[in-house]
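Novice:
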Amino acid sequence: MDDQFLYQTRPPVRPGFSESLYARLSRVPAQKKSLGTLVFRFGLAIFIVLTLLFTFSEPARASVLNLIRQIAGFEVHETEELPILESDPSFAPDQDSINAGLEKVSFKFALPAYTPEGYTLLDRVYYDQNSVLLDYLNDDQDHVSLTIQKTTEPLVLTGTNSAEEIQINGQPALLVHGAFVDGNWDYNLPGITIYFKQDGLTYILGQFPNQAKFQTSEDKNETGLSLAELIRMAESIPLLKNYDHGAYYYTPQLVDEILKNPPFPLKVPSYLPEGYEPGEGIVAYSKSWVSLAWKNQAGESLTLMIQEDWKLTIQAGAEGAEEVSVNGRPAVIIRGAYLEDGKWDETVPSRSLYWRDGGFIYTIFSGSLSEETLMTVAESIK
Amino acid sequence: MKTFSKTSALTMEESINWKDVYDHLLPRVYHFFCYRVGDSFVAEELTALCFEKAWTHRENYQNRLNSFEAWVFGIAQKVAVDHFRRRGREVSLEAVPELACQHVEMDVQQRLDFERLSQLLDGLSERERLLIALKYGAGLNNREIARQTRLTESNIGTILSRVVLKLRQEWEK
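Structure (structure tokens):
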């Protein structure tokens, strides 16, 4: 037995099979206009589009209104099969490039500050007067979809017991497992979707693994984006007051307030130079980045930044960086700063100290303290 | 206003020649099912089901993302999975009455070889059998199989070499 044998042993196609199949297909009636078809017009199983249809189409909403449950403040209709609508639900969004499309959207919304590694925002946006839909894709064709609806009362369609309450930035949110595939709810599909309300809008963030890949993968948990990553992405969507045309602004909080309710366990200095008192700080980027500042009466500040460990690139002039040690850990001190003309000036009395500890990157910075003082502060962070 | 329905319909008309599909893709899908389920009667029914799904849901196909062939084999894999889920139920012969007289022209030795090979394929793991079906049934190359299965090309080559060797040893017993 060899390759050739395996090819030759295939039974021949029965003569006439093609013709009989053609006759069989010709008897297949035209498919009714189901919501499933509309969903697939987006190219992938983005069942969250159903939420748009049922929220904004009165006939569709009326057809299931007596069957809904309340979960996490959302109206959830549990069904195994997509309802068939006789009439067109009037959902025909426009499509455009992101730059052109977002200019035409009639309401304000924010995009995530955090994009999971390997995913790219596709340069296309679907939109109508009530909704916006954007897609992220990775090289494996795993798909993350972000939909924003101009309502806080969406109607969500899911399979039975597929929805549960979680929290996004401390607020109730809906987590849905599974998705509609070919009009039926697929409980095995590792698609997950998060619904949460913010700024009078409903944000819907869903991840759907490449279907062909999932169907043949032995490890069903291997595919797609993890729930933790999806939650991180959702929590990185800022409030509109902190967002303007792609730029993120964060509302400062008092350092004492941040330390009372830290987003993750924070190590702070046990030693501060004389005269320095807690000032303001910022929690940002899906709670994975914190900045705390202390100030003295002269207005001079000492800043501590803590961020999740990543491949951070520090920019400095040619002679501006030196390797040092903080509590035995490798560290780098940066002497100097970039001036407004973009040139590095190492004579500026600015000092930054970077080191890694426990999965985080710590940075302390001062424009006035001596290097020795800065080092003492750093070594008191344990 | 440009709508999705117009776009989809235009894409379908321009991109799929159904005569070519019947002439060239149908035999490969049929052979995929032959090796996947090990029964030529069932394979014919599943092939029909697969094409029925492709035909019914043809508006779902978007040639920007996948080739039509890859799309159909994606459907075929799902049809096979559904078949195994409901295995044990009787296959309806009413849908295709021609089945009763099929394979009269199949060479006796070839039929015996196929039956014996099918028994050996029954002893493979799900993944091994899928790869055999995609490679020697559907005639896909390793790169095309990689797109369908998420395995790497080199991994596919290694697995197939090992499986063919195992089949050969069993065959020669």
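Residue numbers (numbering that gives the first Met the number 0), protein chains in the order written: chain A, 0 to 381; chain B, 0 to 172. Note that CB positions come from ideal geometry on N, CA and C, so glycine has one too.
Compare the beta carbon distance of A/LEU121 and A/LEU110 with 8 Å and say whether it is the shorter of the two.
Specialist: No, they are not a contact pair.
Novice: Is the CB of B/LEU67 under 8 Å away from at least one CB in chain A?
Specialist: Per the sequence shown, the amino acid found at residue 67 of chain B is Phe instead of Leu. No, no contact with chain A.
Novice: Going by beta carbon distance, what residues of the same chain come within less than 7 Å of B/TYR135, once the five residues before and after it are set aside?
Specialist: Once the five neighbours on either side are set aside, the close Cβ partners of B/TYR135 are TYR34.
Novice: Closer than 8 Å, CB to CB, is A/THR78 near chain B or not?
Specialist: So no, A/THR78 is outside the interface.
Novice: Use the C-beta contact count for A/LYS196: other C-beta atoms within 10 angstroms, 16 or more gives buried, fewer gives exposed.
Specialist: Its Cβ being crowded by 16 or more others within 10 Å, A/LYS196 is buried.
Novice: Using DSSP bridges, identify the partner residues of A/ILE70.
Specialist: In the DSSP output, where bridge partners are listed per residue, A/ILE70 has A/PHE73.
Novice: Return yes when the Cβ of B/LEU25 is within less than 8 Å of the Cβ of A/SER17, no when it is not.
Specialist: In contact: A/SER17 and B/LEU25 (Cβ atoms closer than 8 Å).
Novice: If we ignore side chains and look at the alpha-carbon of each, how far apart do A/ARG9 and B/GLN108 end up?
Specialist: Spanning the two alpha carbons is a distance of roughly 12 Å.
Novice: With a threshold of 8 Å, are at least 3 pairs of Cβ atoms found where one atom belongs to the stretch 162–179 of chain A and the other to the stretch 71–78 of chain A?
Specialist: Verdict: yes, contact present.
Novice: Out of A/THR150, A/TYR353, A/VAL254 and A/GLY158, which has the shortest C-alpha to C-alpha gap to A/ALA417?
Specialist: This structure gives no information on residue 417 of chain A, because the portion of chain A shown stretches from 0 to 381.
Novice: Suppose the cutoff is 7 Å on Cβ atoms and the five residues either side in sequence are ignored; what does the same chain contact list for A/GLU371 look like?
Specialist: Result list for A/GLU371: empty, nothing under 7 Å.
Novice: What residues in the stretch 38–54 of chain B have a beta carbon less than 7 Å from any beta carbon of chain A?
Specialist: So the list reads SER39, GLU43, ALA47, PHE50, GLU51 and TRP54, given in the order they occur along the chain.
Novice: Who are the neighbours of B/HIS30 on chain A, taking C-beta pairs under 7 Å?
Specialist: Under the 7 Å cutoff, chain A gives ARG9.
Novice: When you compare the CB positions of B/LEU187 and B/VAL78, do they come within less than 8 Å of one another, or not?
Specialist: Here chain B has residues from 0 to 172 only, and residue 187 of chain B is not among them.
Novice: Short of 7 Å Cβ to Cβ, which residues in the stretch 114–147 of chain B face chain A?
Specialist: Under the 7 Å Cβ criterion, the stretch 114–147 of chain B contributes LEU116, ARG126, LEU129, TYR135, GLY136 and GLN147.
Novice: Determine the DSSP secondary structure at A/VAL12, reduced to helix, strand or coil.
Specialist: The answer is coil: DSSP assigns A/VAL12 none of H, G, I, E or B.
Novice: Give a yes or no on whether the minimum CB-CB distance between A/SER161 and chain B is below 8 Å.
Specialist: Chain B contact via Cβ: absent.
Novice: Does any residue of chain B bring its CB to less than 8 Å from the CB of A/ARG123?
Specialist: For A/ARG123, the answer is no, since every Cβ of chain B falls outside 8 Å of its Cβ.
Novice: I need the boundaries of the alpha helix (DSSP H) containing A/GLN94, first residue and last residue.
Specialist: Careful: A/GLN94 lies outside any alpha helix (DSSP H), inside the beta strand (DSSP E) at 93–95.
Novice: What residues in the stretch 129–145 of chain A have a beta carbon less than 9 Å from any beta carbon of chain B?
Specialist: Going along the stretch 129–145 of chain A in chain order, one finds ASP139 and GLN140 with a Cβ nearer than 9 Å to chain B.
Novice: Could you confirm whether any beta carbon from chain B is found closer than 8 Å to the beta carbon of A/SER96?
Specialist: By this cut-off, A/SER96 is not an interface position.
Novice: Assuming B/ASP121 is part of the beta strand (DSSP E), what are its boundary residues?
Specialist: Per DSSP, B/ASP121 belongs to no beta strand (DSSP E); it is in the alpha helix (DSSP H), 107–121.
Novice: Is it the case that the Cβ atoms of A/ILE203 and A/PRO251 are separated by a distance below 8 Å?
Specialist: Against a cut-off of 8 Å, the Cβ pair of A/PRO251 and A/ILE203 comes out as no contact.
Novice: Express the C-alpha separation of B/LEU120 and A/GLY383 in angstroms, rounding to a whole number.
Specialist: There is no way to answer for residue 383 of chain A, as the model of chain A reaches only from 0 to 381.
Novice: A/PRO329 and A/GLU321: beta carbons closer than 8 Å?
Specialist: The answer is no: Cβ separation not under 8 Å.
Novice: Mind the definition here: the stretch 337–349 of chain A touches the stretch 237–244 of chain A only if three or more C-beta pairs lie below 8 Å; say whether that holds.
Specialist: Too few Cβ pairs lie closer than 8 Å, so no.
Novice: Give the straight-line distance between the Cα atoms of A/SER96 and A/VAL124, rounded to the nearest whole angstrom.
Specialist: Each residue's alpha carbon lies about 6 Å from the other.
Novice: What residues in the stretch 11–22 of chain A bring their beta carbon closer than 8 Å to a beta carbon of chain B?
Specialist: If the cut-off is 8 Å between Cβ atoms, the stretch 11–22 of chain A has PRO11, VAL12, ARG13, PRO14, GLY15, PHE16, SER17, SER19, LEU20 and TYR21 near chain B.
Novice: Any idea what DSSP makes of A/PHE106, helix, strand or coil?
Specialist: In this structure, A/PHE106 counts as coil in the three-state DSSP scheme.
Novice: Give me the residue from A/MET304, A/PRO115 and A/THR157 with the minimum Cα distance to A/ALA377.
Specialist: Residue A/MET304 is the option with its Cα nearest to A/ALA377.
Novice: Output needed for A/VAL347: all residues of its chain with C-beta closer than 7 Å, excluding positions within five of it in sequence on either side, in chain order.
Specialist: Taken in chain order, the residues that qualify are GLY335 and ALA336.
Novice: Can you list the residues of chain E that B/ASP112 reaches, using a CB-CB cut of under 7 Å?
Specialist: In the structure shown, chain E cannot be found, because the protein chains are A and B.
Novice: According to DSSP, simplified to helix, strand and coil, what is A/ASP340?
Specialist: Correct three-state label for A/ASP340: coil.
Novice: Consult DSSP for B/PRO26 and reduce its assignment to one of helix, strand or coil.
Specialist: In the structure shown, B/PRO26 sits in a helix (DSSP, three-state: H, G or I).
Novice: Using 8 Å as the limit for Cβ to Cβ distance, is B/ARG167 near chain A?
Specialist: Output row for B/ARG167: interface = yes.
Novice: Of all Cβ atoms in chain B, is any one closer than 8 Å to the Cβ of A/MET374?
Specialist: Chain B, which has no Cβ nearer than 8 Å to the Cβ of A/MET374, makes this no.
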